[in-house]
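What follows is a set of notes on a single structure, which appears directly below.
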Amino acid sequence: MNSQALRQALLGIFAFAVTATAATIPQPVGPLQQQLPTAALNFTACPTDIRPFRNVKASAALQCANLTVPMVPEDPGSPPLTLGIVKLPAAGQRVGNLFVNPGGPGGAASSMVLSIAAGRIYMSDVVRQNFDIIGMDPRGVGLSNPQRCDNNLVNQPSEFDATTPDGFKKLFEYNKAVGESCRALTGPVFDHMDTIFVAKDMEAVRVAMGGEPLNYFGVSYGTQLGAQYAALFPSNIRAMALDGMLQHTGSFASNIMTQATSLDATIQDFFRFCEANAANCGEGGTEIRQIWTKVLDVAAAGNLKAPECDGTLKTRCFPTASPNNIIGAARSTLEFPQDRAAFAQQLRLGALGNGSFFTPGLLGGDVFQDSRSLAITNVQCQDGHFFAAKDHLEVQRVADMTRTFTTTPGMGEFWRRVIDCTGYPVKITNPRTALNIKGTQNPVLLVHSRFDPATSFVYAAGMMEEFQNATLLFREGSGHTSYLFKGDASRVVDDYLVNLKVPPAGTVVQS
Numbered sequence: 268m269n270s271q272a273l274r275q276a277l278l279g280i281f282a283f284a285v286t287a288t289a290a291t292i293p294q295p296v297g298p299l300q301q302q303l304p305t306a307a308l309n310f311t312a313c314p315t316d317i318r319p320f321r322n323v324k325a326s327a328a329l330q331c332a333n334l335t336v337p338m339v340p341e342d343p344g345s346p347p348l349t350l351g352i353v354k355l356p357a358a359g360q361r362v363g364n365l366f367v368n369p370g371g372p373g374g375a376a377s378s379m380v381l382s383i384a385a386g387r388i389y390m391s392d393v394v395r396q397n398f399d400i401i402g403m404d405p406r407g408v409g410l411s412n413p414q415r416c417d418n419n420l421v422n423q424p425s426e427f428d429a430t431t432p433d434g435f436k437k438l439f440e441y442n443k444a445v446g447e448s449c450r451a452l453t454g455p456v457f458d459h460m461d462t463i464f465v466a467k468d469m470e471a472v473r474v475a476m477g478g479e480p481l482n483y484f485g486v487s488y489g490t491q492l493g494a495q496y497a498a499l500f501p502s503n504i505r506a507m508a509l510d511g512m513l514q515h516t517g518s519f520a521s522n523i524m525t526q527a528t529s530l531d532a533t534i535q536d537f538f539r540f541c542e543a544n545a546a547n548c549g550e551g552g553t554e555i556r557q558i559w560t561k562v563l564d565v566a567a568a569g570n571l572k573a574p575e576c577d578g579t580l581k582t583r584c585f586p587t588a589s590p591n592n593i594i595g596a597a598r599s600t601l602e603f604p605q606d607r608a609a610f611a612q613q614l615r616l617g618a619l620g621n622g623s624f625f626t627p628g629l630l631g632g633d634v635f636q637d638s639r640s641l642a643i644t645n646v647q648c649q650d651g652h653f654f655a656a657k658d659h660l661e662v663q664r665v666a667d668m669t670r671t672f673t674t675t676p677g678m679g680e681f682w683r684r685v686i687d688c689t690g691y692p693v694k695i696t697n698p699r700t701a702l703n704i705k706g707t708q709n710p711v712l713l714v715h716s717r718f719d720p721a722t723s724f725v726y727a728a729g730m731m732e733e734f735q736n737a738t739l740l741f742r743e744g745s746g747h748t749s750y751l752f753k754g755d756a757s758r759v760v761d762d763y764l765v766n767l768k769v770p771p772a773g774t775v776v777q778s
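The sequence shown begins at 268 in the working numbering and counts up one residue at a time.
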């Protein structure tokens with residue numbers, strides 16, 4: 268599967284409607300005094316007539332349900348929130364439920380389950396035989412009160428030079444206006460979307476599904492969700508596999524540098540791949556570094572164009588790409604190592620002025636689909652992951668750091684990717700802090716690759732210090748996450764989830 272297909276799979280869209288019936292539900296074992304459900308979920312067939320839920324064969328295998336929870340779990344009088352849940356029943360003798368989360372934040376777990384059913388996202392036969400696959404959309408995403416914003420504001424060009432006083436003012440005002448529109452259109456859930464809220468929602472769903480011990484598979488941001496759940500409810504977990512680790516601790520400066528240097532190292536690994544495999548990267552494979560620099564120069568001059576784009580909803584893309592867009596394309600494309608040769612081809616086209624691959628898209632007005640892009644900033648700001656700069660001098664320091672500690676041309680633009688909370692009108696409600704997770708019955712399995720453009724191996728090593736009972740599986744290779752690539756790492760994860768077999772400490776796999 269190519270990266271575009273996987274991205275589309277993760278962003279699949281559908282909706283549903285079900286009812287709940289009364290039943291006796293086992294109470295959780297855990298410290299949280301939250302309002303827990305008193306009705307079991309009644310899963311029924313998912314509808315097949317709602318765009319883009321068009322894969323009738325895949326949808327026929329799925330079941331859907333809703334669960335209403337308090338907006339604030341500890342306050343039963345707070346406004347109600349409806350969570351959307353999708354189930355792909357086990358094909359054989361089930362071990363239990365396996366909750367999945369595709370990351371983001373903003374990834375719709377419902378879409379992930381649909382894509383697993385359709386074969387667009389890999390989940391092994393052995394896992395599908397033994398588990399009901401469960402996708403709970405996080406609050407503010409997809410089927411769970413999706414975040415809405417004024418797309419006319421969101422779709423405005425917003426790449427300001429915030430290292431200057433005027434550019435900083437424009438960025439601050441833009442983010443503030445967008446965020447205020449989101450609050451007005453989304454409702455009270457807008458201010459209650461941090462990861463702790465989502466972890467508590469997942470506990471409520473677990474209880475409503477009968478209270479079985481949790482089995483969980485999370486990738487990327489889904490690893491943070493899993494870790495924060497484990498910190499709250501360690502004794503409720505049977506198995507937890509976390510792939511492509513995040514770490515919710517450390518200073519903003521250290522976090523920014525960890526992200527920047529990991530992307531930098533992955534781009535350098537891409538260069539070495541093309542230099543050693545010129546036949547795979549095509550003409551110019553041995554000159555990939557010069558081609559990269561040429562594309563950046565073309566973009567900096569304003570000449571990286573997409574003739575088919577006009578910046579309107581008619582084409583849904585901007586007509587010109589910037590150096591920052593090149594960095595963004597590298598980050599997203601190099602998540603999939605099988606796409607390195609194709610990315611080299613796009614860089615060659617870019618060096619000739621063809622920027623169609625690199626120009627950013629516009630939100631098209633589909634609430635389910637748009638919520639993925641809109642929720643990521645909100646969650647990252649409430650979690651304190653993105654940086655809220657106070658003035659242009661702080662932005663300049665971030666830019667100076669990335670230029671000093673990275674080697675790839677253009678990485679000095681990385682600051683633009685980590686200051687989205689500047690002016691965004693929410694508070695940090697889930698501050699970065701070490702979790703000190705202890706009390707899990709079985710070891711938690713952490714998985715990470717060497718060269719990951721999105722989440723650093725530094726995070727995986729750091730999380731080994733935060734889990735009292737965990738094992739780290741290391742993949743010697745490139746790409747974001749490991750399980751979805753169907754190699755040795757996938758088989759180790761399968762054996763862990765089904766049989767609770769933990770690999771020996773220090774295990775390294777090549778695929």
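Cβ coordinates follow ideal geometry from the N, Cα and C atoms, glycine included.
Counting along the chain, Tyr389 sits inside no alpha helix (DSSP H), nor does DSSP assign it H or E at all. The continuous alpha helix (DSSP H) containing Gly489 extends over residues 488-499. Scanning the region 561-597 for uninterrupted alpha helix (DSSP H) segments of 4 residues or longer gives nothing; none is fully contained. Measuring C-alpha to C-alpha distances from Val486 to each of Thr674, Cys541, Ala325, Pro372 identifies Pro372 as the nearest.
Shortest Cα-Cα distance from Ala497 to any of Thr560, Gly477, Ala466 involves Ala466.
Scanning its chain for C-beta atoms nearer than 6 Å, with the 5 sequence neighbours on each side dropped, one finds around Thr349 the residues Asn333, Thr335, in chain order. Bridge pairing for Cys331: Thr311, Val353 [DSSP]. Pro337 has Pro347 as its beta-bridge partners, per DSSP.
Taking 4 residues as the shortest admissible run, the region 614-651 contains the following complete alpha helix (DSSP H) segments, listed from N- to C-terminal end: 634-649.
Between the alpha carbons of Thr707 and Gln414 lies a gap of roughly 33 Å. Of all alpha-carbon atoms in Val367, Met476, Cys416, Val474, the one lying nearest the alpha-carbon of Tyr488 is that of Val367. Note that the region 679-686 touches the region 590-604; at least 3 beta-carbon pairs, one per stretch, sit closer than 8 Å.
Contact between Ala642 and Asn547 is absent: CB atoms are separated by about 36 Å, not below the 8 Å threshold. Excluding its 5 nearest sequence neighbours in each direction, Glu440 has C-beta neighbours in its own chain below 7 Å: Gly690, listed in chain order. Beyond the five residues adjoining it in sequence on each side, Met731 comes within less than 7 Å, by CB distance, of Leu713, Ala737, Leu739 in the same chain, given in chain order. Per DSSP, reduced to three states, the secondary structure at Ile463 is helical. Apart from sequence neighbours up to five positions away, the residues of its chain that approach Ala596 with a beta-carbon distance below 6 Å are Phe625, ordered along the chain. About 6 Å separates the beta carbons of Ala376 and Asp404, which is inside the 8 Å limit, making them a contact pair.
When DSSP states are grouped into helix, strand and coil, Gly402 belongs to the strand group. In the structure shown, the three-state DSSP call for Leu513 is coil.
Residue pairing of His715 in beta bridges, as defined by DSSP: Phe741. From the listed residues Ile534, Val393, Ala527, Val765, the smallest Cα separation to Ile686 is found for Ala527. Val380 carries a helical assignment under DSSP once its states are collapsed to helix, strand and coil. Given a length threshold of 3 residues, each whole run of the beta strand (DSSP E) inside the region 409-487 is given here in chain order: 481-486. In the structure shown, Asn522 falls within a helical segment according to DSSP collapsed to helix, strand and coil.
Fewer than three pairs of CB atoms, one per stretch, sit closer than 8 Å, so the region 611-624 makes no contact with the region 385-401. The three-state reading of DSSP puts Ile695 in coil, since its state is none of H, G, I, E or B. In the displayed model, Phe603 falls within coil according to three-state DSSP, outside both helix and strand. Burial check for Gln495: the Cβ neighbour count within 10 Å reaches 16 or more, so the residue is buried. The closest CA to that of Phe741, considering only Glu542, Gly511, Asp667, is found on Gly511. The shortest C-alpha to C-alpha distance from Val472 to any of Gly569, Asn309, Met507 is the one to Asn309. A Cβ-Cβ contact shorter than 8 Å links Met460 with Gln649. The beta carbon of Val760 sits closer than 6 Å to those of Ala508, Tyr750, all from its chain and outside the five residues before and after it, given in chain order. Taking the C-beta atoms as reference points, Leu630 is found nearer than 8 Å to Asn422. For Gly363, the enclosing beta strand (DSSP E) stretches over residues 363-368.
Taking C-beta separations shorter than 7 Å and ignoring five residues to either side along the sequence, the partners of Val634 in its chain run Pro413, Arg415, following chain order.
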